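Sequential numbering of the sequence shown, starting at 334, is according to my numbering.
Note that CB positions come from ideal geometry on N, CA and C, so glycine has one too.
Here the structure is a predicted model, which means the values were calculated and not measured.
Below is one structure, written out as structure tokens; comments come after it.
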Amino acid sequence: MLSMEYFQTIWCPHVLCLRLAPILVVSSAKKAKEIMKTHDLQFSSRPAFLGQQTLSYKCSDLDFAPYNDYWREMRKLCTVQLFSSNKVQQFRSIREDGSFRMIERVSKLAIVSKPVNLSEMMMSLTSTITCRLVFDKRYEDEATVIWAMTYLMKNPRMMKKAQEQIRQLFRNKGFVDEDEVQRLEYLKAVVKETMRLQPALPRLVPRESTEKCTIDRYVIPPKTIVYVNAWATGRDPEALG
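Structure below.
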């Protein structure tokens, strides 16, 4: 059996060997782009872990299914029948109604100076929308909302700026629909920064290489399990400039 030092010299210094399966951990934004975009086809499959097979009906769902004809057919079905722009717009009224009711509850609690359990409310909102849609595309990412509110509370100056923009654009209007939200440039920047600092999945769903591939002079063998560290790539100094 080859030693770890020999394997790293010949292949890649960031590759580990566990159970005879090479594992590559990617913490660089540049390398993540290489794997997920430039060489997406070579890293398009999924490893068959026992836990994933148990939770996903033997890897038959879209997230954990290996790259094959079945996966391509499932992706096409979801793209056309579930996640198309027309389908998203079709369920818009349900999302807006659920969001309005949640904001109304928050306002009532704020008037009487009662604490707001945002985690509980976001879970309730997601569950309500899910039940009404029957299928959950998770339009509301409760983790992102909670982290965004946390960062704003820790930075009163930024919170005030976000509040001023909302009040300036909509003043006394009681409800803001999805189209109008797009005008809130500063708030969108806050959400993007929150997702960079606190990604919903700190480590993305693992990929598996289908063939030998060379990335930045390193040769990645087939059947390599690839973990993209989203938490680290969001803090990559090279990407941030």
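- The three-state secondary structure of A398, taken from DSSP, is coil.
- In this structure, the alpha-carbon of T543 lies about 10 Å from that of I558.
- Straight across, the Cα-Cα distance linking E367 with K545 is about 14 Å.
- Bounds of the alpha helix (DSSP H) holding T527 are E518 to L530.
- Going by beta carbons, A481 and V413 fall outside the 7 Å limit.
- The straight-line gap separating the alpha-carbon atoms of K556 and F376 is approximately 9 Å.
- For L357, the uninterrupted beta strand (DSSP E) run begins and ends at A354 to V359, by DSSP.
- In this chain, the alpha helix (DSSP H) harbouring Y484 covers E475 to K487.
- Between the C-alpha atoms of R425 and L520 there is a straight-line separation of about 20 Å.
- For T547, the enclosing beta strand (DSSP E) covers residues C546 to I548.
- Non-local beta-carbon contacts of E511 in its own chain, meaning distances under 8 Å to residues more than five positions away in sequence, involve R425, R428 and E429 in chain order.
- A Cβ-Cβ contact shorter than 7 Å links R536 with N562.
- Within the same chain, and ignoring the five residues on either side of S457 in sequence, the residues whose Cβ sits closer than 8 Å to its Cβ are M435.
- A533 sits close to A476, with the two beta carbons spaced by under 7 Å.
- The closest CA to that of H372, considering only A572, P554, T547 and W564, is found on T547.
- In the structure shown, the three-state DSSP call for Y390 is coil.
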